[in-house]
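Student: FYI, the numbering for the sequence shown is 19 to 432, going by the working numbering. Can you keep this structure in mind? I'll have questions shortly.
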Amino acid sequence: MKKIIVIGGGAAGMMAAVSASQHGGQVTVLEKMAVLGRKLSITGKGRCNITNIADKQTIIKNIPGNGSFIYSALHSFGNEDIIDFLHSQGVMTKVERGGRVFPISDNAKDVVGAFQKAFEQRNVQVVTGQGVKRILVHDGKVTGVLASNNVEYVADAVILATGGSSYPGTGSNGDGYRMGQIVGHTIVPLKPSLVPLEVEEDWIGELQGLSLKNVEARVIFEGKKVADDFGEMLFTHYGLSGPIILSLSKKVAELLNTKPGQDVYLEINLKPALTAEVLDKRIQRDFEKFARKQLKNSLGELLPAKMINVMIDLAHIDPDKFVHQITKIERARLQEQITNLTFTITGTRPVSEAIVTAGGIHVKEINPKTMESKLIEGLYFAGEVIDIDGYTGGFNLQAAFSTGYVAGQSAAEK
Ligand SMILES: Cc1cc2nc3c(=O)[nH]c(=O)nc-3n(C[C@H](O)[C@H](O)[C@H](O)COP(=O)(O)OP(=O)(O)OC[C@H]3O[C@@H](n4cnc5c(N)ncnc54)[C@H](O)[C@@H]3O)c2cc1C
19 MKKIIVIGGG AAGMMAAVSA SQHGGQVTVL EKMAVLGRKL SITGKGRCNI TNIADKQTII
79 KNIPGNGSFI YSALHSFGNE DIIDFLHSQG VMTKVERGGR VFPISDNAKD VVGAFQKAFE
139 QRNVQVVTGQ GVKRILVHDG KVTGVLASNN VEYVADAVIL ATGGSSYPGT GSNGDGYRMG
199 QIVGHTIVPL KPSLVPLEVE EDWIGELQGL SLKNVEARVI FEGKKVADDF GEMLFTHYGL
259 SGPIILSLSK KVAELLNTKP GQDVYLEINL KPALTAEVLD KRIQRDFEKF ARKQLKNSLG
319 ELLPAKMINV MIDLAHIDPD KFVHQITKIE RARLQEQITN LTFTITGTRP VSEAIVTAGG
379 IHVKEINPKT MESKLIEGLY FAGEVIDIDG YTGGFNLQAA FSTGYVAGQS AAEK
């Protein structure tokens, strides 16, 4: 029986451990946190968007950071396979908007529980509160790992599944990159992916905490729209966050990095379902209704309360003016703000605040069919520690599960 050590009990490491044990390996998971799957437990706002029901090509397209690298792994273990695995452990799933799959219970901890149950069934040994500081290599072959308490664990194969550098409080603090680098692997520079954006406009503070649904956001560069999305967003004290902003952040970060010094704007349309004409009629209707009120007291049905003063100010209208005195030009300026609320992007938040870390172990140094290192025999990689990153929608966890499954199988069978 091959002895296999999995470093990291996150999504990829737990899947790798199940797979290695299913394929005949004797598995030990070393997890430095006190519990398994800390990050998995907070995914999808605590609901865990496990995967996406899209076909394989679409999944790969939704992993702009080296999606094609997981092509083979996705064939070995795809979205239906992770769903089947969870069902086999009693965790039923449902499909929501955009093909996103969640546990029926809406509780991410149930997904962690499914792995724990599988570990008990398969005698996978789990040591929590046990970090690893080094991978041990002799003559180009893995021999085990050195734990942070200086205990050596001997192994025939080691699977490095330590995650990225984002949300370090969950345990993923970049240890894996350092361990990989020490044994000779190249680390593609780390960058935040799916990350909130910082803006120049200081009045953003007035909108802090406001969340908007059904809005459109557009990235504008050199006067042209280069990306857009529709859905939910959030204002913070430094800028913009929420699902559609995170999705657009990859494009924004790319522009900020490749074209430094050039302005990148984000425009928000608060009423994307209305044409200009319909919106104008809508505003006029409200103005008739509130004709005797001051402008600042007349927009409550059109805009969230927190936005009213900001929008009137941006439209350069006197907030104390009575509605019946508002001119057509002023009304047009207000409409312009409602449909083209513009922010100047100054940067992204750091990697630690990103949902996913882009960069990591170079994919060219990993065999995509087995996840084995091309440099060190018996060393395997799985999950976010590899230079892979996807969009929101369940694609990052699917990448972790697919690479984890293949790494576990290959480590056990080789
Ligand atoms: C807030 C948030 C929400 C998210 N929501 C979703 C979602 O709904 N759907 C989706 O697809 N993706 C989501 N993601 C992304 C997804 O969680 C990650 O891509 C995924 O967890 C990566 O899996 P992993 O196993 O590679 O890494 P992780 O899940 O980060 O696991 C790595 C594990 O390794 C351990 N570890 C690290 N260093 C050591 C060491 N030296 N020794 C021992 N153990 C170590 C860590 O403690 C950790 O438990 C979300 C991310 C965040 C931050």
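Using N, Cα and C, we set each Cβ at its ideal position, and we do this for glycine too.
Would you check if the stretch 389-400 and the stretch 415-430 touch, i.e. whether three or more CB-CB distances between them fall below 8 Å?
Tutor: yes
Student: How about Phe137: is its Cβ closer than 8 Å to a heavy atom in ligand 1?
Tutor: no
Student: Taking just the CA atoms, how far does Trp221 sit from Phe361?
Tutor: 11 Å
Student: Please look up how many angstroms separate the CB atoms of Met329 and Ile347, rounded, as I've assumed it's under 8 Å.
Tutor: So it is not a contact: roughly 16 Å between Cβ atoms.
Student: Could you tell me the alpha carbon to alpha carbon distance between Glu216 and Lys79, rounded to whole angstroms?
Tutor: 27 Å
Student: Spell out a yes or no on whether the stretch 53-61 and the stretch 35-43 are touching, meaning 3 or more CB-CB pairs, one atom from each, closer than 8 Å.
Tutor: no
Student: Does the stretch 161-171 touch the stretch 380-393, meaning 3 or more C-beta pairs lie closer than 8 Å?
Tutor: no
Student: Please list the terminal residues of the continuous alpha helix (DSSP H) segment that includes Thr61.
Tutor: Arg56 to Gly64
Student: Going by DSSP, name the residue or residues bridged to Ala220.
Tutor: Sequence check: residue 220 is Asp here, not Ala. Per DSSP, none; premise fails for Asp220.
Student: What residues are listed by DSSP as bridge partners for Gly249?
Tutor: Val233
Student: So, for Lys209: in the same chain, excluding its five sequence neighbours on each side, which residues have a beta-carbon less than 6 Å away from its beta-carbon?
Tutor: Ala376 and Gly377
Student: What does a CB cutoff of less than 6 Å around Gly117 pick up in its chain, not counting 5 residues either side in sequence?
Tutor: Asn70, Ile71 and Ala72
Student: Quick one: does the C-beta of Ile122 sit closer than 8 Å to a heavy atom of ligand 2?
Tutor: In the structure on display, ligand 2 does not appear, and the ligands it does have are ligand 1.
Student: Count the other CB atoms, across all protein chains shown, that sit within 10 Å of the CB of His203; report buried if there are 16 or more and exposed otherwise.
Tutor: buried
Student: Do you know offhand how far Val244's Cα is from Ser94's?
Tutor: Looking at the two C-alpha atoms, the distance is approximately 35 Å.
Student: Measuring only the C-alpha atoms, how far is Tyr283 from Asp331?
Tutor: Answer to the nearest angstrom: the Cα atoms are 20 Å apart.
Student: To the nearest angstrom, report how far apart Val267 and Leu212 are at their CA atoms.
Tutor: Residue identity check: residue 267 is Ser in the sequence provided, not Val. Between the alpha carbons of Ser267 and Leu212 lies a distance of about 6 Å.
Student: Quick check on this structure: which residue in Ala372, Lys21, Ala132 and Lys299 has the alpha carbon closest to the alpha carbon of Gly182?
Tutor: With distances taken between Cα atoms, Gly182 lies closest to Ala372.
Student: My output table needs one value for Val113: the three-state DSSP class, helix, strand or coil.
Tutor: strand
Student: May I ask which residues mark the beginning and end of the alpha helix (DSSP H) holding Leu292?
Tutor: Per DSSP, Leu292 belongs to no alpha helix (DSSP H) and is neither H nor E.
Student: Run through DSSP, which three-state label would Tyr185 get?
Tutor: coil
Student: Could you give the C-beta distance for Gly149 and Lys50, rounded to a whole number, given that I count them as a contact under 8 Å?
Tutor: 3 Å
Student: Which one of Val172, Glu170 and Leu313 has the shortest CA to CA distance from Lys339?
Tutor: For Lys339, the nearest C-alpha among the options comes from Leu313.
Student: Could you round the C-beta distance between Leu258 and Pro207 to whole angstroms and report it? I think they count as a contact, below 8 Å.
Tutor: A Cβ-Cβ distance of about 25 Å is found for the pair Leu258 and Pro207, leaving them out of contact under the 8 Å criterion.
Student: With distances taken from CA atoms, which of Phe239, Ser316 and Asp128 is nearest Met110?
Tutor: Asp128
Student: Might you give, ordered along the chain, the residues of its own chain that have their beta carbon closer than 7 Å to the beta carbon of Leu292, omitting 5 neighbours on each side?
Tutor: Hits under 7 Å: Arg300.
Student: Please report the straight-line C-alpha distance between Leu264 and Thr410, rounded to a whole angstrom.
Tutor: 8 Å
Student: On a Cα-Cα basis, can you pick out the residue from Glu402, Ala417, Gln353 and Gly227 that is closest to Tyr195?
Tutor: Taking only the C-alpha atoms, the option nearest Tyr195 is Glu402.
Student: Can you round the beta-carbon distance between Gly43 and Ile22 to whole angstroms, since I take them to be within the 8 Å contact cut?
Tutor: 4 Å
Student: Is there at least one non-hydrogen atom of ligand 1 closer than 8 Å to the beta-carbon of Leu104?
Tutor: no
Student: On the three-state DSSP scale, how would you describe Leu317?
Tutor: coil
Student: Do you know offhand how far Asp405's Cα is from Met19's?
Tutor: When rounded, the distance between both Cα atoms is 31 Å.
Student: Which stretch, first to last residue, makes up the beta strand (DSSP E) that contains Ala165?
Tutor: Lys159 to Ala165
Student: Please return the same chain residues whose Cβ sits closer than 8 Å to the Cβ of Arg65, not counting the five positions on each side in sequence.
Tutor: Phe120, Pro121, Asp124, Asn125 and Ala126
Student: Verify the contact flag: Glu98, CB atom, against every heavy atom of ligand 1, threshold strictly below 8 Å.
Tutor: For ligand 1, not one heavy atom lies less than 8 Å from the Cβ of Glu98.
Student: By DSSP's criteria, Gly257 is part of a beta bridge. Which residues make up the other side?
Tutor: Beta-bridge partners assigned by DSSP to Gly257: Glu216.
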